[in-house]
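Visitor: Going down the list, the sequences are from chains A and B.
What the first sequence shows, in our numbering, is residues 50 to 272, in sequence order.
What the second sequence shows, in our numbering, is residues 50 to 272, in sequence order.
A virtual CB, placed ideally from N, CA and C, is assigned to each residue, including glycine.
Let me give you the structure first, and then I'll get to my questions.
There are 2 protein chains.
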Amino acid sequence: MNKIKQIPVLERVAKANEIFVNEIRENFRKNDIICFNIMGSPGCGKTTFIENTILKLKDKKKIAVIEGDLATTIDAERIRDLGVDVFQINTGAMCHLDARLIREALAKMDLSNIDLLFIENVGNLVCPSSHDLGEDYRIILASVPEGPHKPKKYPVIYKEADVVVITKADLLEHFPDFTVETLFGHAKEIKPDIITFKVALKGKEIIMDEWIQWLLNAKPNNR
Amino acid sequence: MNKIKQIPVLERVAKANEIFVNEIRENFRKNDIICFNIMGSPGCGKTTFIENTILKLKDKKKIAVIEGDLATTIDAERIRDLGVDVFQINTGAMCHLDARLIREALAKMDLSNIDLLFIENVGNLVCPSSHDLGEDYRIILASVPEGPHKPKKYPVIYKEADVVVITKADLLEHFPDFTVETLFGHAKEIKPDIITFKVALKGKEIIMDEWIQWLLNAKPNNR
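Shown next as structure tokens:
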């Protein structure tokens, strides 16, 4: 008698995600797209970071954005107002994006017209880390008001990240306990080769040149 | 022939959680404990909020704390340094606390010696909302640097909350787009009877009296 083969639910989900990821990645290579998965806490400045990057680069690169939010189109509208293609995914109660959702979004976008694709993940320092979206780079934003210990307290997401960006650096003077070196040090304890940037997008002095330079030179990266 | 009765996995988990919740709540009523589930984004100021509440009340009330973190005992050490009983739960990669974990923690604590129990949940605006811990009140912290739109963007957790507290109000002058009225307005659209407070715990003027008064008068609340 044949033995019934059982595939546990979680394994089946992981397998399906892997198939979608491979398909997404092939699509990115075929269309010369480099994709960035932007992750971070709620309110760490993900949309502002993408907006300012667009403003710097939109004459040099064709940019598109996928916005992930539980609800509302507030962030997508901000991006659309910059004249950039944006696709909104509302996850309802779901705490992260997954490859199935990204695949559905890409099917509705004109991939031949994109150089750089930014995916703004749901604001969450835990769940998005377990979900590969086919991205070339995972970028975590860590805002100054959150304090310098986030890499130690949320190590799983930092272990899987390629880049960490300190945001709201214009607020550093109001947070004497936060130093850029402390946060980068903690991040490197968890991921020694993590790439580090600091940005200030709202104060008197705008800081983002190093990030933009890196972005302009970023190569496809099949993680 | 008997029909095989199948209980789906999620239903079984929910049922087990409900049994634990009922047991926890009975234990709280028997020991005259009021329990507060403190939720909010990573870095919104949960530990600082609990610390300052302890400093105000520790001569009047017997306070204990359960700290939920993916990793480290950084927060638990801060509470312990105030001379208060604290129990650390490290969830590993898990994005929230659940009733099973709280039940295990309570089994190791001296419940006869507690008036107010604070549970600091994992920093996350999504997942903790689906997990009843047997608490009397769910309290969401919303820090000024996160912006005023969090209730609209994370409605599920606000719908289940009893209280919203704006934290880091000493930073209001640096965030001209944030007004207390806007955030409270958005929260009340989602949960009309939500109770609202504003605190400032690090600036020149400490603001927390209204919260402390409410807390001193809080009654048991079998949600």
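Do you know offhand how far GLY196 (chain B)'s Cα is from ASP226 (chain B)'s?
Guide: 8 Å
Visitor: For the stretch 217 to 228 of chain B, which residues have a beta carbon sitting closer than 8 Å to at least one beta carbon of chain A?
Guide: LYS217, LEU220, HIS223
Visitor: Name the chain B residues that come within less than 7 Å of ASN173 (chain A), Cβ to Cβ?
Guide: ASN173, VAL175
Visitor: Quick one: does HIS198 (chain B) have its CB under 9 Å from some CB of chain A?
Guide: yes
Visitor: With a cut-off of 9 Å, does the C-beta of ALA236 (chain B) fall near any C-beta of chain A?
Guide: no
Visitor: Quick one: does THR231 (chain B) have its CB under 9 Å from some CB of chain A?
Guide: Judged by the 9 Å Cβ criterion, THR231 (chain B) is not in contact with chain A.
Visitor: Please name the residues in the stretch 106 to 132 of chain B whose beta-carbon is closer than 9 Å to at least one beta-carbon of chain A, in chain order.
Guide: ASP118, LEU119, ALA120, THR121, ILE123, ASP124
Visitor: Comparing the C-beta of PRO241 (chain A) with each C-beta of chain B, is any distance below 9 Å?
Guide: So no, PRO241 (chain A) is outside the interface.
Visitor: Can you tell me whether VAL212 (chain B) is buried or exposed? The criterion is at least 16 other CB atoms within 10 Å of its CB, across all chains shown.
Guide: buried
Visitor: Check the Cβ of GLY195 (chain A) against every Cβ in chain B and list those closer than 7 Å, keeping chain order.
Guide: Checking the sequence shown, residue 195 (chain A) turns out to be Glu, not Gly. Those within 7 Å of GLU195 (chain A) in chain B are PRO91, GLY92.
Visitor: Which of the residues in the stretch 130 to 149 of chain A, read from start to end, lie with their CB under 7 Å from any CB of chain B?
Guide: ALA142, CYS144
Visitor: Taking 9 Å as the CB-CB cut-off, is GLU161 (chain A) touching chain B?
Guide: The identity of residue 161 (chain A) in the sequence shown is Ser, whereas the question assumes Glu. So, not an interface residue.
Visitor: Taking 9 Å as the threshold (beta carbon to beta carbon), is LYS202 (chain A) in contact with chain B?
Guide: yes
Visitor: If you drop the 5 nearest sequence neighbours on each side, which residues of the same chain put their C-beta closer than 6 Å to that of ASP164 (chain A)?
Guide: The residues are LYS110, LYS111.
Visitor: Considering only the alpha carbon of each residue, which of A:ALA156, A:ALA218, A:LYS247, A:VAL175 lies closest to LEU119 (chain B)?
Guide: A:VAL175
Visitor: Give, in chain order, every unbroken run of the beta strand (DSSP E) that is at least 3 residues long and sits entirely within the stretch 132 to 209 of chain B.
Guide: 134 to 139, 165 to 169, 186 to 192
Visitor: Quick check: is the beta carbon of VAL205 (chain A) nearer than 9 Å to any beta carbon in chain D?
Guide: Of the protein chains in the structure, A and B, none is chain D.
Visitor: With respect to the beta strand (DSSP E) encompassing ALA113 (chain B), which residues constitute its N-terminal and C-terminal limits?
Guide: Counting along the chain, the beta strand (DSSP E) containing ALA113 (chain B) begins and ends at 112 to 118.
Visitor: Is it true that the CB of ALA218 (chain B) sits closer than 9 Å to the CB of VAL248 (chain B)?
Guide: yes
Visitor: ILE83 (chain B) by DSSP, collapsed to three states: which one?
Guide: strand
Visitor: Are the C-beta atoms of MET50 (chain B) and some chain A residue less than 9 Å apart?
Guide: Any answer about MET50 (chain B) is weak, because its pLDDT of 49 lies below 50 and its placement is not dependable; what the coordinates show is given next. For MET50 (chain B), not one C-beta of chain A is nearer than 9 Å to its own C-beta.
Visitor: For ASN66 (chain A), which option in A:VAL114, A:ASP147, A:LYS253 has the closest C-alpha, if you only look at C-alpha atoms?
Guide: A:ASP147
Visitor: To which residues of the same chain is MET50 (chain A) closer than 7 Å at the C-beta, ignoring the five residues directly before and after it?
Guide: Because MET50 (chain A) carries a pLDDT of 49, less than 50, the predicted location of this residue cannot be relied on, and the following value inherits that uncertainty. None.
Visitor: Starting from LYS247 (chain A), trace the alpha helix (DSSP H) both ways and give me its first and last residue.
Guide: No alpha helix (DSSP H) contains LYS247 (chain A), which is instead part of the beta strand (DSSP E) from 244 to 247.
Visitor: Go ahead and label ASP124 (chain A) buried or exposed: buried means 16 or more other beta carbons lie within 10 angstroms of its beta carbon, across all protein chains shown.
Guide: With 16 or more other Cβ atoms from the protein chains shown falling within 10 Å of its own Cβ, ASP124 (chain A) counts as buried.
Visitor: Pick from B:PHE233, B:VAL62, B:PRO204, B:GLN262: whose alpha carbon is nearest that of CYS144 (chain A)?
Guide: B:PRO204
Visitor: Measuring CA to CA, which of A:ASN271, A:ARG272, A:LEU264, A:ASN270 is closest to ASN101 (chain A)?
Guide: Looking from the CA of ASN101 (chain A), the closest CA among A:ASN271, A:ARG272, A:LEU264, A:ASN270 belongs to A:LEU264.
Visitor: Taking contact to mean 3 or more Cβ pairs, one atom from each stretch, closer than 8 Å, check whether the stretch 63 to 78 of chain B and the stretch 183 to 191 of chain A are in contact.
Guide: no
Visitor: Going by C-alpha distance, which of A:GLU60, A:ILE188, A:TYR207, A:LEU190 is nearest GLU238 (chain A)?
Guide: A:TYR207
Visitor: Below 8 Å on the Cβ atoms is my guess for ILE82 (chain B) versus LEU166 (chain B); work out the distance and round it to an integer in Å.
Guide: 5 Å
Visitor: Within this structure, are the beta carbons of LYS199 (chain A) and HIS223 (chain A) separated by less than 9 Å?
Guide: no
Visitor: Name the DSSP bridge partner or partners of MET88 (chain B)?
Guide: B:ILE189
Visitor: Identify whether THR228 (chain B) lies in helix, strand or coil by the three-state DSSP scheme.
Guide: coil
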